[in-house]
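For reference, each letter of the sequence shown is one residue, going 5 to 348 in our numbering.
Since the structure comes first, as structure tokens, the remarks are kept for the end.
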Amino acid sequence: MILLRKILFPFAVLYGFITTIRNWFYHKGILKSYSFPIPIIAVGNLSVGGTGKTPQIEYLIRLLSPNYKIAVLSRGYKRKSSGFLLADYASTAELLGDEPFQLHQKFPSIQVAVDANRKNGIERLLALENKPDIILLDDAFQHRKVKAGFYILLTAYNDLYADDFILPTGNLRESSSGVKRADVVVVTKCPPTLTEAAQNQIRQKLHLLAHQQLYFSAIQYDVMLYSESERCSVASLLNTDKLLVAGIAKPQPFFNHLQDGNDEELEFPDHHDFTESDIQTIQKKSKNKPIITTEKDFVRLKGRINPAQLFYLPIQSIFLSNGENFNQQINNYVEQSTGNRPIS
5 MILLRKILFP FAVLYGFITT IRNWFYHKGI LKSYSFPIPI IAVGNLSVGG TGKTPQIEYL
65 IRLLSPNYKI AVLSRGYKRK SSGFLLADYA STAELLGDEP FQLHQKFPSI QVAVDANRKN
125 GIERLLALEN KPDIILLDDA FQHRKVKAGF YILLTAYNDL YADDFILPTG NLRESSSGVK
185 RADVVVVTKC PPTLTEAAQN QIRQKLHLLA HQQLYFSAIQ YDVMLYSESE RCSVASLLNT
245 DKLLVAGIAK PQPFFNHLQD GNDEELEFPD HHDFTESDIQ TIQKKSKNKP IITTEKDFVR
305 LKGRINPAQL FYLPIQSIFL SNGENFNQQI NNYVEQSTGN RPIS
């Protein structure tokens with residue numbers, strides 16, 4: 005695989021050139037970006053998958069929803085529908101995509117919509133009778149057709165954009181110079197014990213602009229496991245034989261957190277569409293043992309596996325330090341914004 009990526013280096017150079025020209029066209033106004041008279045916060049990354057966008061979106065929902073009407077707009081990756089769709093009681097993971105459906109179920113008081121055309125999606129949300137006060141754009145850092153008012157760029161601790169290269173040789177969707185569009189950069193999935201000296205080393209490596217704020221976050225696992233109808237503590241099942249199932253990018257930390265010596269692991273691709281054959285494999289390997297999966301996978305497995313066996317482990321994003329500063333920066337933008345500023 006590594007050799008193949010090296011062989012594809014010329015295509016990476018070509019892809020990087022195309023994305024650079026595209027960004028230059030937007031910068032010069034040759035390609036038009038659209039702004040809207042409402043605070044819009046975009047969360048995204050420079051790389052492909054695995055940076056923790058959904059936990060960051062959930063963090064913003066918890067921060068803002070007590071005081072504002074929130075809408076989340078996603079493209080709905082791998083959904084079996086098209087166009088604009090606003091989540092309601094009839095929505096499913098197949099129609100919305102697993103992550104939007106997870107947000108819809110977890111935060112019933114907010115609006116969740118999907119549309120690959122973010123401009124159209126925003127216009128449809130603003131045309132609602134109960135229109136939102138704030139729109140959170142999920143995975144929209146490269147969606148230049150819309151000008152968000154505030155950009156949060158995520159980069160994973162073990163896969164920093166500064167150490168990566170453009171697709172297909174690396175995993176970057178565009179040149180690392182794209183970081184200049186960010187207001188805030190969050191290094192996600194950090195070890196909880198990351199020292200200040202290690203943080204400063206990363207800070208120097210990322211070469212941020214003077215106005216850009218850098219934060220460090222970690223994944224916090226819930227102490228409880230949840231099924232459709234009950235819950236139990238993680239501790240109560242740690243020493244119990246179980247099957248761990250994950251269809252997410254980079255699932256090893258999830259496995260490590262729950263793994264006991266006799267546990268089995270089943271790993272599937274990110275956003276995996278579980279087939280009947282997959283379900284049979286899971287059931288066969290479980291041998292009536294508890295099955296623990298991620299929250300994202302649970303929304304696709306629920307109703308297809310014995311509910312008495314199937315549990316999920318929620319996660320949250322927490323800041324290692326200066327979380328209050330991040331919250332204040334977001335709140336200041338929302339309070340002061342009457343629209344969206346142009347991107348330099």
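All C-beta atoms in this analysis are idealised placements derived from N, C-alpha and C, irrespective of residue type, glycine included.
Note that the coordinates shown come from a computational prediction; the quantities given were computed from them, not determined experimentally.
Which word fits Cys236, buried or exposed, when buried means at least 16 other C-beta atoms lie within 10 angstroms of its C-beta?
exposed
Could you compute how far the alpha carbon of Phe105 sits from the alpha carbon of Phe15?
Annotation: Phe105 to Phe15 spans about 35 Å, alpha carbon to alpha carbon.
Please report the Cβ distance between Leu107 and Val76, rounded to the nearest whole angstrom; I am assuming they are in contact, meaning their Cβ atoms lie under 8 Å.
6 Å
Rounded C-alpha distance that separates Arg66 from Leu157:
19 Å
In angstroms with no decimal places, state the Cα-to-Cα distance between Phe278 and Glu178.
31 Å
Considering just the uninterrupted stretch of the beta strand (DSSP E) at Phe88, what are its terminal residues?
No beta strand (DSSP E) contains Phe88, which DSSP labels as neither H nor E.
Is DSSP giving Val118 helix, strand or coil here?
Looking at Val118 - three-state DSSP - the assignment turns out to be strand.
Could you name the residues of the same chain whose beta carbon sits closer than 6 Å to that of Asn266, not counting the 5 residues immediately before and after it, in chain order?
Asp245
Indicate whether Val191 and Tyr161 have their beta-carbon atoms separated by less than 8 Å.
yes
Consult DSSP for Arg177 and reduce its assignment to one of helix, strand or coil.
Coil, per DSSP.
Span of the alpha helix (DSSP H), counted from its first residue to its last, around Thr23
13-32
Buried/exposed call for Ala201, threshold 16 Cβ in 10 Å
Per the 10 Å Cβ criterion, exposed.
For my contact list, Pro136 and Lys73 are in at a C-beta cut-off of 8 Å; report their separation, rounded to the angstrom.
5 Å
According to DSSP, is Asp143 helix, strand or coil?
coil
CB Gln109 to CB Val303, shorter than 8 Å?
yes
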